[in-house]
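*Asks:* One structure coming up, written as structure tokens, with questions to follow.
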Amino acid sequence: MRLVPRSLFGRLVVVQAVVALLLAGALPLLTSRLLSSTVNSFVGRELDRSAERIAPNLRLENGRWSFRRGFEPPSFFAPNGIRRFDVIDGDRRILFSGGPRYGIDFRELPLEASHAHRLANGIDIATYPLPQGGSGEWLVISSDRRRPEELVARLATAFLTRFLWIVPAFVIASLLLSLLLFARATRSIRRASSDADLVDANRLDVRLDWQRLPREVQPLAEAVNSALDRVHDAFEAQTEFVANVAHELRTPLATIACRAEEVTDLELRERLLASVSHAAHVIEQVMRLARLASSDDVNSRVDLRALALASVEHSAGRVFTNGRSIAFHDEEEGRPVVARGIAGLAQLSLDNLIDNAQRHTPTGTSIVVHLGPGPTLRVEDDGPGIAVSDRNRVQRRHWRADDRRSDSAGLGLSIVDRAMVAQAGRLEVGESALGGAAMTLRFEEPA
1 MRLVPRSLFG RLVVVQAVVA LLLAGALPLL TSRLLSSTVN SFVGRELDRS
51 AERIAPNLRL ENGRWSFRRG FEPPSFFAPN GIRRFDVIDG DRRILFSGGP
101 RYGIDFRELP LEASHAHRLA NGIDIATYPL PQGGSGEWLV ISSDRRRPEE
151 LVARLATAFL TRFLWIVPAF VIASLLLSLL LFARATRSIR RASSDADLVD
201 ANRLDVRLDW QRLPREVQPL AEAVNSALDR VHDAFEAQTE FVANVAHELR
251 TPLATIACRA EEVTDLELRE RLLASVSHAA HVIEQVMRLA RLASSDDVNS
301 RVDLRALALA SVEHSAGRVF TNGRSIAFHD EEEGRPVVAR GIAGLAQLSL
351 DNLIDNAQRH TPTGTSIVVH LGPGPTLRVE DDGPGIAVSD RNRVQRRHWR
401 ADDRRSDSAG LGLSIVDRAM VAQAGRLEVG ESALGGAAMT LRFEEPA
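Numbering (full-length UniProt numbering), first residue to last: 1 to 447.
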């Protein structure tokens, strides 16, 4: 049997029931304690005021205690009143008294250096030292709590004045408690929202745990999961289609290259072969990206130093043949540099940045691959660079700084950007210390 309902409405009912039960139990206890505290405080003050009126008007004359001439004690000290006074000595003998008889056993009454208030058998007793006698006499003021007729009105006023603060406090406490319990009741919805926030082009495997959700939102979670299934299938189909198209284009391109070799015009033949070579290169990159994008091992550890050295070594021949130079600079000075990612995608990204630098810079350009600081790789050159106004657009697939060029210069950076996103990293575009462009691959630290 489930104690917590599946239904969100049921959970709200349970929350309100719990709040009501807690308040129903707490309010009487708190009210009782507050009432008892109010009564004790109020009666204590009344006894103190009575002592302040009686004590100054007591006198000791010829060994006998009495009131000063002309002083009349308040009416509640009458024999049928609700308050009594006694003057006692150190041996607890009554020397002077007035008011109703309460039968107090003064022998058991502790006498302290200052006045004290206690409750015994329904009788409030307060003791005050009397300096007038000089022999350790005490004034005892007592009141019968069992006959509070004359105190009820004032006591009720004092209690209600204090109780008025309890009402808003309990309302606020009830609201806070309801919010706390409701937050716990809807925690599964927030958890599902966090799971849904993880979904992107590289995390299409995430699904919502609908069985833990309230019954009212379970159909929505199931619909979201079904939609994610369809998106995942469509994404897989699109990736496979792109790979197939790229593969099918390789044969026609090879045929075009063969036919271009037969062109007698040398300048035209070189342009045709260069275009075919570039198209073949782009197709190869698209095929590699399609193959690597299907990998789900995003949390593997990638040795960035080994990767960078391999890319520089692999690209050096092509870079030098095209009239540029390339070098490697290790800013981590031999310390291990490990990143979280996919080795194939990281290699593809760096290869594309090096290729992009040697393709779109003039002859004689110096290209430097930097490792660090931290899990980063940076490709710098001393070419013309990229204008500040264009840096936010370079990852677009068909962006070109020079619109007259037709070599799809932006496609390589678009591939790099997508490959880095697939690894939870990012591509940053800036200006190098050499004056040209700086392309930075910023990876995540390994878990």
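Just so you know, even glycine gets a beta-carbon here, dropped at the ideal spot from N, CA and C.
Between which two residues does the alpha helix (DSSP H) carrying Glu137 extend?
*Replies:* Position 137 of the sequence shown, counted from the start, is the residue given in the question as residue 137. Taken as a continuous stretch (DSSP letters only), Glu137 belongs to no alpha helix (DSSP H), being part of the beta strand (DSSP E) at 137 to 144.
*Asks:* If we call anything under 9 Å between Cβ atoms a contact, is Val421 one with Leu348?
*Replies:* In the sequence shown, residue 421 corresponds to position 421, counting from 1. In the sequence shown, residue 348 corresponds to position 348, counting from 1. Cβ distance not < 9 Å, so Val421 and Leu348 don't count as in contact.
*Asks:* Can the beta-carbon of Phe328 be found less than 9 Å from the beta-carbon of Ala308?
*Replies:* Numbered from 1 along the sequence shown, position 328 holds the residue referred to as residue 328. Numbered from 1 along the sequence shown, position 308 holds the residue referred to as residue 308. Yes, the pair counts as a contact, with Cβ atoms nearer than the cut-off.
*Asks:* Once you ignore the five residues that flank Ser300 on each side, which residues in its own chain have a CB closer than 8 Å to its CB?
*Replies:* Against the sequence shown, residue 300 aligns to sequence position 300. So the qualifying residues of the chain are Arg340, Gly341, Ile342, Ala343.
*Asks:* List the DSSP bridge partners of Arg84.
*Replies:* Here residue 84 corresponds to residue number 84 of the sequence shown, with the count starting at 1. Answer by DSSP bridge pairing, in chain order: Ser142.
*Asks:* Over the uninterrupted beta strand (DSSP E) stretch that includes Gly430, give me the two end residues.
*Replies:* The residue labelled residue 430 in the question sits at position 430 within the sequence shown. Taken as a continuous stretch (DSSP letters only), the beta strand (DSSP E) holding Gly430 covers 426 to 431.
*Asks:* Can you tell me the Cβ-Cβ gap for Met439 and Leu353, rounded? I've got them flagged as a contact below 8 Å.
*Replies:* Numbered from 1 along the sequence shown, position 439 holds the residue referred to as residue 439. Numbered from 1 along the sequence shown, position 353 holds the residue referred to as residue 353. That pair is a contact at about 5 Å.
*Asks:* In angstroms, rounded to a whole number, what distance separates the CA positions of Ile94 and Phe42?
*Replies:* Taking the sequence shown and counting its residues from 1, one reaches residue 94 at position 94. Taking the sequence shown and counting its residues from 1, one reaches residue 42 at position 42. C-alpha separation (whole angstroms): 27 Å.
*Asks:* Just curious, the alpha helix (DSSP H) that Ala447 is in, first and last residue?
*Replies:* Locating residue 447 in the sequence shown gives position 447, where the first residue counts as 1. Run containing Ala447: none; DSSP gives neither H nor E here.
*Asks:* Quick one: what does DSSP say Ala78 is sitting in, helix, strand or coil?
*Replies:* Counting from one through the sequence shown, the residue named residue 78 turns up at place 78. DSSP places Ala78 in coil when its eight states are reduced to three.
*Asks:* Taking DSSP's pairing of strands, which residues face Ala437 in a bridge?
*Replies:* Position 437 of the sequence shown, counted from the first residue, corresponds to residue 437. In the DSSP output, where bridge partners are listed per residue, Ala437 has Glu431.
*Asks:* Counting along the chain, where does the beta strand (DSSP E) carrying Arg198 start and finish?
*Replies:* The count along the sequence shown starts at 1 and reaches residue 198 at position 198. The sequence shown places Leu at residue 198, rather than the Arg named in the question. No beta strand (DSSP E) contains Leu198, which DSSP labels as neither H nor E.
*Asks:* Output yes or no for whether 9 Å exceeds the beta carbon distance between Phe85 and Ile54.
*Replies:* For this step, residue 85 is matched to residue 85 along the sequence shown. For this step, residue 54 is matched to residue 54 along the sequence shown. In contact: Phe85 and Ile54 (Cβ atoms closer than 9 Å).
*Asks:* Assuming the contact rule is C-beta atoms closer than 8 Å, Ala260 and Leu273 should be a hit. Round their C-beta distance to whole Å, please.
*Replies:* Start at 1 with the first residue of the sequence shown, and residue 260 comes out as number 260. Start at 1 with the first residue of the sequence shown, and residue 273 comes out as number 273. Their Cβ separation, rounded to whole angstroms, is 5 Å, which keeps Ala260 and Leu273 in contact under 8 Å.
*Asks:* Going by the beta-carbon positions, is the gap between Ala126 and Leu30 smaller than 9 Å?
*Replies:* What you label residue 126 is simply residue 126 of the sequence shown in a count that begins at 1. What you label residue 30 is simply residue 30 of the sequence shown in a count that begins at 1. No; because the gap between Cβ atoms is not below 9 Å, this pair is not in contact.
*Asks:* Whose C-beta lies closer than 7 Å to the C-beta of Phe170 among residues of the same chain, with five residues either side of it excluded?
*Replies:* Position 170 of the sequence shown, counted from the first residue, corresponds to residue 170. Around Phe170: Leu23, Leu27.
*Asks:* Could you compute how far the alpha carbon of Ser408 sits from the alpha carbon of Leu253?
*Replies:* For the purposes of this step, residue 408 is taken as the residue at position 408 of the sequence shown. For the purposes of this step, residue 253 is taken as the residue at position 253 of the sequence shown. Confidence at Ser408 is low in this model, with a pLDDT of 43, below 50, so the placement of that residue is unreliable and no value is reported for it.
*Asks:* Any idea which residues DSSP pairs Pro129 with across the strands?
*Replies:* Within the sequence shown, numbered from 1, the residue matching residue 129 stands at position 129. For Pro129, which the question treats as bridged, DSSP gives the partners Trp138.
*Asks:* Mind checking who Asp303 pairs with in its DSSP beta bridge?
*Replies:* As a first step, residue 303 is located in the sequence shown; it is residue number 303 there, counting from the start. Asp303 pairs with Val338.
*Asks:* How many Å lie between Ala401 and Ile386 at the Cα?
*Replies:* For the purposes of this step, residue 401 is identified with residue 401 of the sequence shown, where counting begins at 1. For the purposes of this step, residue 386 is identified with residue 386 of the sequence shown, where counting begins at 1. With a pLDDT of 48 at Ala401, under the threshold of 50, the modelled position of that residue is not reliable, and the figure given next carries that caveat. Roughly 8 Å between the two C-alpha positions.
*Asks:* Just how far apart, CA to CA, sit Leu371 and Arg215?
*Replies:* Numbered from its first residue, the sequence shown carries residue 371 at position 371. Numbered from its first residue, the sequence shown carries residue 215 at position 215. One C-alpha to the other measures close to 53 Å.
*Asks:* By the 10 Å Cβ neighbour count, where 16 or more other Cβ atoms means buried, how is Ala227 classified, buried or exposed?
*Replies:* The residue you call residue 227 lines up with position 227 of the sequence shown. Classification for Ala227: exposed.
*Asks:* For Ile104, which three-state DSSP category applies?
*Replies:* For the purposes of this step, residue 104 is identified with residue 104 of the sequence shown, where counting begins at 1. Three-state result, Ile104: coil.
*Asks:* What does the Cβ neighbour count give for Arg83, buried or exposed, with the cut at 16 atoms within 10 Å?
*Replies:* Numbered from 1 along the sequence shown, position 83 holds the residue referred to as residue 83. Per the 10 Å Cβ criterion, buried.
*Asks:* For the pair the stretch 423 to 433 and the stretch 317 to 325, tell me if three or more CB-CB distances fall below 8 Å.
*Replies:* Judged by Cβ distances under 8 Å, the stretch 423 to 433 makes no contact with the stretch 317 to 325, as fewer than three pairs qualify.
*Asks:* So for Ile283, helix, strand or coil by DSSP?
*Replies:* By 1-based counting over the sequence shown, the position of residue 283 is 283. In the structure shown, Ile283 sits in a helix (DSSP, three-state: H, G or I).
*Asks:* Put Arg33 into one of helix, strand or coil per three-state DSSP.
*Replies:* Within the sequence shown, the letter at position 33 stands for residue 33. It is helical.
*Asks:* Would Gly70 be called buried (16 or more neighbouring beta carbons within 10 Å of its own) or exposed?
*Replies:* Within the sequence shown, residue 70 is the residue found at index 70, counting from 1. Counting Cβ neighbours within 10 Å, Gly70 comes out exposed, since fewer than 16 surround it.
*Asks:* Are three or more beta carbon pairs between the stretch 30 to 40 and the stretch 60 to 68 nearer than 8 Å?
*Replies:* Touching, no.
*Asks:* Skipping 5 residues on each side, what residues in its chain have a beta carbon closer than 6 Å to that of Trp210?
*Replies:* Residue mapping note: residue 210 aligns to position 210 of the sequence shown, counting from 1. Result list for Trp210: Gln218, Ala221, Glu222, in chain order.
*Asks:* Could you compute how far the alpha carbon of Phe96 sits from the alpha carbon of Asp89?
*Replies:* Position 96 of the sequence shown, counted from the first residue, corresponds to residue 96. Position 89 of the sequence shown, counted from the first residue, corresponds to residue 89. Their backbone Cα atoms lie some 10 Å apart in a straight line.
*Asks:* Just reading off the beta strand (DSSP E) that Ala120 is part of, what are its end residues?
*Replies:* Sequence index remark: in the sequence shown, residue 120 carries index 120 (1-based). Ala120 -> beta strand (DSSP E) spans 116 to 120.
*Asks:* From which residue to which residue does the alpha helix (DSSP H) around Val242 run?
*Replies:* Start at 1 with the first residue of the sequence shown, and residue 242 comes out as number 242. Here the alpha helix (DSSP H) through Val242 covers 218 to 261.
*Asks:* Can you give the Cα-Cα distance for Val206 and Val199, rounded to whole angstroms?
*Replies:* The residue labelled residue 206 in the question sits at position 206 within the sequence shown. The residue labelled residue 199 in the question sits at position 199 within the sequence shown. Between Val206 and Val199, the C-alpha separation is close to 6 Å.
*Asks:* Please classify Ala192 as buried or exposed, where buried requires at least 16 other C-beta atoms within 10 Å of its C-beta.
*Replies:* Counting from one through the sequence shown, the residue named residue 192 turns up at place 192. So Ala192 counts as buried.
*Asks:* Can you list, in chain order, the residues of its chain whose CB lies under 6 Å from that of Asp330, leaving out five sequence neighbours each side?
*Replies:* Position 330 of the sequence shown, counted from the first residue, corresponds to residue 330. Taken in chain order, the residues that qualify are Leu371.
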